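Take a look at the structure set out below.
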Amino acid sequence: MSAIRFFHMADLHLDSPFKGLFGLPEHILKKIRLSTFEAFDKIIVKAIQEKPDFLLIVGDIYDGENRSLQAQRRFQDAMEKLFQHNIPVIVSYGNHDHLNGTWTRFALPSNVYELPAETSVVQLKIRGQQVNIYGFSYPERHLRESVIESYPTAHDQHALHIGMLHGSEAGNTTHDVYAPFTKQQLLEKNYHYWALGHIHKRQLLHQNPPIVYPGNIQSRHRKEQGMKGFYDVTLSKTSTELDFISTSAVVYSTIEVDCTDVVHANELLKRCAEAITANRKKFGASVVELHLQQIDEQTEALFEHATVDAWLETIREAEEGIEPMCWVQKMVLQKAARFYEHTATTQSVVSLMEQWDSNEWKDILKDLYQYAGGARLIEPLSEKDIENLTHRAQTLLAEEIQRA
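Heads up: the sequence shown at position 402 corresponds to 402 in full-length UniProt numbering, and the numbers run straight through without jumps.
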C-alpha cells in the first residue's frame with residue numbers, strides 16, 4: 001500500500017490578544033495582532049497547492065472559550081476552501097477552546113470532522129488504505145485527569161492508526177498539566193503516529209513510532225522564540241518522514257551584540273544595526289531583544305549620560321520604515337565576566353541553592369507571584385528562569401562578599 005500524507009498542526013490560537021506589548025507604532029502593532037491569521041493562511045495556501053490527504057488540528061484553534069467572531073469567520077472560510085479541494089480536516093478542541101464555552105456558532109462544511117468530548121474514531125479510506133484517527137475534544141477547560149485509558153488499543157494490522165491528544169507528558173510543568181500521559185502509555189496503544197498538541201515547543205518525544213509536538217504556528221510572546229510552524233508528514237506502516245514547515249509571520253528572537261572594544265556611541269549603534277540586519281535576513285519580520293555582551297567599563301560609560309530607553313529610541317528610529325519590520329522591544333546589558341572566588345560561607349549558600357527544585361523556588365518567590373498588582377504582569381516560572389535566577393543570585397552573592 002502507498003504511504004499517506006497529512007499536515008499535523010496544533011495551538012493556532014487565532015486572534016490572540018498579544019498582551020504585554022507597549023509603545024509600538026500602530027502599523028507594527030497591527031502586524032503582530034494579525035500574525036496568527038497570517039500564519040494560518042500560509043498553511044491553507046500550502047494545503048491547496050500540494051493537496052495532502054488530510055489535516056490534523058490538535059486543539060486550541062481559538063485563543064479563548066468565547067471564540068471571537070473574526071477568528072471563527074477566518075477559520076470557517078479556510079475550511080470552505082479546503083472543502084472545494086476535497087481535503088478532509090480532523091479537529092479537536094483543547095483547554096482554550098473547550099466545548100463548554102459560550103460562542104456564536106458557525107456551521108463548518110462536511111469535510112471537517114469535529115471530535116466530540118468522548119474519545120472517538122474517524123475512519124478514512126485513502127487510495128485503498130484504511131486510516132483510523134482517534135481523539136477527543138475537551139469538555140471543559142480544566143481537564144486534569146488522564147484520558148489515555150479511553151483510547152482503544154490498535155489490533156487491525158491492515159489499518160494505519162493515528163492518535164490525536166492535546167495534553168502534557170506527566171511531570172512536564174512548563175505548561176499547565178492537562179490530560180497527562182506517559183510515553184509508555186502511548187506506545188502501548190500500538191499506533192503508527194501520535195499527533196500531540198498543547199506544548200508550544202516543537203518536540204519529538206519518540207522516534208519510532210513518532211510521538212510529536214509540532215509547537216504552535218505563531219509565537220505570541222518573548223518566551224516563544226524562533227521559527228514556528230507545522231509538520232508535513234508522510235506515513236506508512238514501516239516508515240515516517242517529518243518535514244517541518246515554518247509559518248511564522250513575526251519571529252521573536254534574541255540578538256547578541258558583541259561590544260568588545262566599543263568606546264564611542266557610533267560604534268555601538270553600528271554593531272546593533274549590523275546585528276539587526278542579520279536577524280532580518282534570517283527571520284524576516286521580528287520582535288527582538290538586544291543583549292549587549294562584553295560590556296566593559298569603557299562601554300558602560302556610554303550609558304552614564306544616556307539611559308537605556310534613550311538608546312532604544314535611537315535604535316528604533318534608525319530601523320523605522322525598513323522592511324521586513326524589526327521592533328526592538330528590549331535592551332539588556334551584560335557586563336564582561338568578572339571572576340570571584342567563593343569563600344567557605346558563600347560556597348555553602350551556593351550549594352544550598354543548587355539543591356532547590358522548582359517547588360522550592362516557587363515557595364521562595366510566592367510573595368511576588370501572589371501580589372495582585374504584579375502577578376498578572378509576569379509569566380509562570382520556567383526551568384530556564386530558575387537557571388538564570390540561580391546564576392544571578394550566585395554572582396551577586398560573590399560580588400557583595402568581594403566588596404565587604
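Glycine included, every Cβ here is placed at the ideal spot set by N, Cα and C.
Remember, predicted model here, so these are calculated numbers, not experimental data.
Residue span of the beta strand (DSSP E) that contains residue i, given as start and end
i: D258; result: 251-258
i: H291; result: 286-295
i: M331; result: 326-335
i: E114; result: 112-114
Nearest residue (CA-CA) to residue i, options the options
i: D60; options: L115, A275, P210, A301; result: L115
i: Y93; options: S137, S168, Q70; result: S137
i: L187; options: N208, N172, H200; result: N208
i: L204; options: H175, F244, L56; result: F244
i: P180; options: D156, L69, G197; result: G197
i: K42; options: K183, F75, P324, V212; result: F75
i: R127; options: A159, S150, R141, V147; result: A159
i: H13; options: F7, S286, V58, P109; result: V58
i: L124; options: I162, N95, S358, Q355; result: I162
i: E140; options: Y231, T153, Q129, E118; result: E118
i: L99; options: N66, I255, S382; result: N66
i: L29; options: C326, L242, D357, E354; result: C326
i: E149; options: Q130, V131, Q184, V349; result: Q184
i: L268; options: T254, V308, V287; result: V308
i: G64; options: I87, F54, W103, I4; result: W103
i: D357; options: K335, L389, A336; result: L389
i: W194; options: T182, R202, P210; result: P210
Local Cβ density within 10 Å of residue i, reported as buried at 16 or more and exposed below that
i: K31; result: buried
i: R73; result: exposed
i: A170; result: exposed
i: F339; result: Reliability fails at F339, whose pLDDT of 45 lies under 50, so the model's placement of it is uncertain and no value is given.
i: L302; result: buried
i: G229; result: buried
i: I133; result: buried
i: R376; result: With a pLDDT of only 47 at R376, under the threshold of 50, the placement of this residue in the model should not be trusted; the figure read from the coordinates follows. It counts as exposed.
i: G167; result: buried
i: T299; result: buried
i: G373; result: In this prediction, G373 scores a pLDDT of 49, lower than 50, which makes its location untrustworthy; no coordinate-derived value is stated.
i: H200; result: buried
i: T277; result: exposed
i: I364; result: exposed
i: N266; result: exposed
i: P25; result: exposed
i: I322; result: exposed
i: R144; result: exposed
i: A39; result: buried
i: V121; result: exposed
i: G23; result: exposed
i: S2; result: exposed
i: M9; result: buried
i: N359; result: exposed
i: H27; result: exposed
i: L69; result: exposed
i: S110; result: exposed
i: N95; result: buried
i: A71; result: buried
DSSP bridge partner residues for residue i (one or two, in chain order)
i: G163; result: Y134, W194
i: S120; result: G135
i: S246; result: G229
i: K125; result: Q130
i: I211; result: W194, H206
i: L352; result: BP columns for L352 are empty, so no partner.
i: Y151; result: Partner(s): none; Y151 has no beta bridge.
i: T234; result: R5, E241
i: Y62; result: L14
i: L56; result: H8, I90
i: E169; result: F181
N- and C-terminal bounds of the alpha helix (DSSP H) containing residue i
i: H8; result: That residue, H8, is in no alpha helix (DSSP H); its beta strand (DSSP E) goes 4-9.
i: F75; result: 69-84
i: L268; result: 265-283
i: L312; result: 308-319
i: E50; result: 35-50
i: L187; result: 183-187
i: D363; result: 358-364
Contact test: residue i Cβ vs the ligand GDP heavy atom, cutoff 6 Å
i: G135; result: In the structure on display, the ligand GDP does not appear, and there are no ligands present to speak of.
TODO: Would you check if the stretch 32-40 and the stretch 82-89 touch, i.e. whether three or more CB-CB distances between them fall below 8 Å?
DONE: Too few Cβ pairs lie closer than 8 Å, so no.
So, does the stretch 206-220 touch the stretch 239-254, judging by three or more C-beta pairs under 8 Å? Touching, per the Cβ criterion.
- Could you tell me whether the stretch 14-23 touches the stretch 231-243, using the rule of 3 or more Cβ pairs below 8 Å? Taking a cut-off of 8 Å on C-beta distances, the stretch 14-23 does not touch the stretch 231-243, as fewer than three cross pairs fall below it.
Any 3 or more C-beta pairs closer than 8 Å across the stretch 267-283 and the stretch 315-334: Judged by Cβ distances under 8 Å, the stretch 267-283 makes contact with the stretch 315-334, as three or more pairs qualify.
Counting Cβ pairs, one atom from each stretch, are 3 or more of them under 8 Å apart for the stretch 281-300 and the stretch 251-266?
Touching, per the Cβ criterion.
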